[in-house]
Amino acid sequence: MIETIFPILYILAAAGFILAIKWMNSPASARRGVVAGEVGMLLAVVGTLLRYEVVSYEWILIAFFIGSAIGIPIAYIMPMTAVPQRTAFSHACGALASALIGTAEYYRHTPHGFVMTALALETLLGFLTCTASLMAFGKLQEILPGRPLTFPGQNFVNLGVFGLAVGIGVTLVFAPERTWLFPIFMLLSLVFGVLLIVPIGGADMPTVIALLNSYAGLSASAMGFALDNKLLIVAGALDGSSGFILSVIMCRAMNRSFTNVLFGAFGTIQSSAKQTTERPVRSASAEEAAEILDAARSVVIIPGYGMAVAQAQHKLREMYDVLTRRGVDVRFAIHPVAGRMPGHMNVLLAEADVPYDRLVEMDEINGDFARTDVALVIGANDVVNPAAQTDKSSPIAGMPILRAHEAQTVMVIKRGMSPGFAGIANDLYYMEKTLMLFGDAKSFVSSIVKELGTAAAAG
Amino acid sequence: MNKYEIAVWVFMLAAFLGFELIRRVSPLLHTPLMSLTNAISAIAVVGAILITGAKDASPLSKTLGFIAVVASTVNLVSGYLITDRMLKMFKKRGGEKK
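Those protein sequence lines, which keep their order, are chains A and B. Going by our numbering, the first sequence wraps up at 1175, each residue one higher than the last. Going by our numbering, the second sequence wraps up at 125, each residue one higher than the last.
Here is the structure:
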């Protein structure tokens, strides 16, 4: 009798997840979405714990306790700048879980046919996503060097390892009783995950993180096929399509293909194009910058990863406040790939209490640059490089950019003249109307704020 | 229709539903979206519970299942809490202060 309730709980849980994602479409309803997701998860967990197959609870409860003891501190202590790392870590945990479940299922039943195919996919995706995400975590946390590491024949080695893993996976599907193959299959999947991320540089992290998100979801979905559990299939498919769409958006925002991101190893090919010709630039002090900003009617601020590194978002908010109070129209232009994960800049600026209606997407703001008095670039580089539009031979040719160069005056806060992550010189810095503001982003913005304050007191 | 066929249908429909829903999410919220879908993918906990709590669970599958429950609980708990913490920060201009 009670058995009939469980399918209903699972269906309601799936509905909760769907509503959760649906309500993410606007900041006004998004928090309701989180509640819907939580309710869905609660129903799913309760529904599972009550199933007749589940007879012993002590280990499950201990695991819940340990998991919460790790998860809750992460959620509250972690600074917002660490969101990309946390996300990568979370992909690793999710993928590890489904890989281990697949492994346990294999040794329990040694299934055949359809179920074994699903299991093989689940473990392959699970293990490779686990190590790949840990590598991404290491690079984002700067435990590992962030620069792409390449060696000759890299793509050949990677594809070889992947091909071998798939080959053994297929063999296992046809002959599941060859249990000695399974550890090799696991090992190859784990190794491929590491190899996949070795050549990826920081600028490509948004795409890669989104892709790993997709893999983790697909792995959970494959688990649903293996366990004949529709709730897992649905939740995994939602997660998988989410990650996939985000990575497509990221790729489009860089005008690159998946294969190019995964096998292209950005940042190494440009070494030949590095002609270090000294060209004159105009620089300015904080005082001059403050005067120009004060006289402007409209200012567009373009943040990039450098803002996150310098933790300049709070100082930037102060500047936003001062300028807004003086009637200057200040907006922030957000490039889709600014930062290390999709939407990274939005979260940091929201944390600093910048109202979200001041954060404008690329397509919406690009038409306004010609009518903008000052474009202030802070910690961004490639996303404002006009060469992407004008120079066909540039490595970033065709990449959609924020058209900062159309503004009346351009100001760029930068530590020095070194080229950005992709190693490409930026013509924007050498333009007649461009002022370079050399220094640390946070301290420079705070001196601008100070100058604006004294100007107010004097005037 | 056998159960595998139904499973494939469910997957296909859910994937298309996902595409349609995610396309409508504002880029403003892409980071919280990702941490929400992370939390949702902690649904793997369902499989982990079934393995760990099963009557015939061998020591191996109990151990693997136990680690899987821990890993997905970390995801579940931190995923939802962080998503909410992030979303709390998104405020409109002139909106209420916390």
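All C-beta atoms, glycine included, are put in the ideal place defined by N, C-alpha and C.
DSSP state of ILE94 of chain B, grouped into three classes? helix
What does the alpha-carbon distance come out to for the pair MET832 of chain A and ILE949 of chain A? 16 Å
Please name the residue in A:ALA811, A:LEU816, A:THR797, A:ALA1091 whose C-alpha comes closest to that of ILE94 of chain B. A:LEU816
Determine the direct distance from the alpha carbon of GLU1067 of chain A to that of MET116 of chain B, and round the result to whole angstroms. 5 Å
Cross-strand partners of SER999 of chain A (DSSP beta bridge): A:MET1152
Identify which residue in A:LEU1153, A:ALA1054, A:ALA1006, A:HIS807 has its Cα closest to the Cα of TYR1021 of chain A. A:ALA1054
Comparing alpha-carbon positions, which option in A:LEU1065, A:MET1127, A:VAL1015 lies nearest ARG998 of chain A? A:MET1127
Residues bridged to ASP1045 of chain A by DSSP? A:SER1014
Compare the C-alpha of GLY956 of chain A against each of A:VAL977, A:LEU943, A:ILE925 and name the closest. A:ILE925
If I'm right that GLY45 of chain B touches ALA69 of chain B with Cβ under 8 Å, what's the distance once you round it to whole angstroms? Wrong, their Cβ atoms sit about 17 Å apart, outside the cutoff.
Kindly indicate which three-state DSSP category LYS990 of chain A falls into: helix, strand or coil? Its pLDDT being 45, under 50, LYS990 of chain A is placed unreliably in this model, and the coordinates cannot settle the point.
Sequence-distant residues of its chain with Cβ nearer than 8 Å to MET1057 of chain A (five each side left out): VAL799, PRO800, THR803, MET921, PRO922, ILE925, ALA926
Per DSSP, what kind of secondary structure is THR984 of chain A in: helix, strand or coil? Its pLDDT being 43, under 50, THR984 of chain A is placed unreliably by the model, and nothing is read from it.
Closer than 7 Å, Cβ to any Cβ of chain B: which residues of the stretch 1112-1142 of chain A, in chain order? none
LEU725 of chain A versus LEU758 of chain A: straight-line alpha-carbon distance, rounded: 10 Å
Output yes if chain A places a C-beta closer than 8 Å to the C-beta of MET28 of chain B; else output no. no
Which runs of the alpha helix (DSSP H) at least 4 residues long sit entirely within the stretch 743-791 of chain A? Give them in chain order. 743-765
For ILE786 of chain A, is the beta carbon positioned less than 7 Å from some heavy atom of the ligand HEM? Of the ligands one can find in the structure shown there are none, so the ligand HEM has no counterpart to examine.
Under the assumption that PRO54 of chain B contacts GLU1077 of chain A (Cβ atoms under 8 Å), give the Cβ distance between them as a whole number of angstroms. 6 Å
VAL924 of chain A in three-state terms, based on DSSP: helix
From the beta carbon of PRO54 of chain B, is the nearest beta carbon of chain A less than 8 Å away? yes
Just curious, the alpha helix (DSSP H) that MET1023 of chain A is in, first and last residue? 1021-1026
Quick one: residues in its chain with C-beta nearer than 6 Å to the C-beta of HIS1051 of chain A, no 5 flanking neighbours on either side, listed in chain order? MET1078, VAL1099, LEU1118
For ALA1096 of chain A and ARG1150 of chain A, the rounded distance between their alpha carbons: The question names Arg, but residue 1150 of chain A in the sequence shown is Thr. Spanning the two alpha carbons is a distance of roughly 15 Å.
Using three-state DSSP, classify MET970 of chain A as helix, strand or coil. helix
Measure from the alpha carbon of MET705 of chain A to the alpha carbon of each residue in A:THR1040, A:ALA1104, A:ASP1069, then state which is nearest. Outside the modelled stretch of chain A, which goes from 717 to 1175, sits residue 705 of chain A, for which no answer is possible.
Is there at least one Cβ from chain B nearer than 8 Å to ALA953 of chain A's Cβ? yes
Under a CB-based cut-off of 8 Å, is ILE949 of chain A close to chain B? yes
May I ask you to list, following chain order, the residues of the stretch 801-822 of chain A that have a beta carbon less than 8 Å from some beta carbon of chain B? ARG802, THR803, SER806, HIS807, CYS809, GLY810, LEU812, ALA813, SER814, LEU816, ILE817, THR819, ALA820, GLU821
Supposed close pair VAL873 of chain A, LEU911 of chain A - CB separation, criterion 8 Å: 7 Å
Please name the residue, chosen from A:PRO743, A:TYR1072, A:VAL761, A:ASN741, that lies closest to ALA730 of chain A on a Cα-to-Cα basis. A:VAL761
Which residue wins for smallest C-alpha separation from ASN1142 of chain A, given the options A:LYS855, A:VAL964, A:ALA820, A:ILE1112? A:ILE1112
Taking contact to mean at least 3 C-beta pairs separated by less than 8 Å, is the stretch 957-974 of chain A in contact with the stretch 82-102 of chain B? no
Does the beta-carbon of MET1152 of chain A have 16 or more other beta-carbons within 10 angstroms, so that it is buried, or is it exposed? buried
According to DSSP, residues forming a beta bridge with ILE1094 of chain A: A:PRO1019, A:ILE1129
Short of 7 Å Cβ to Cβ, which residues in the stretch 730-744 of chain A face chain B? PHE733, ILE734, ALA736, ILE737, LYS738, MET740, ASN741, SER742, PRO743
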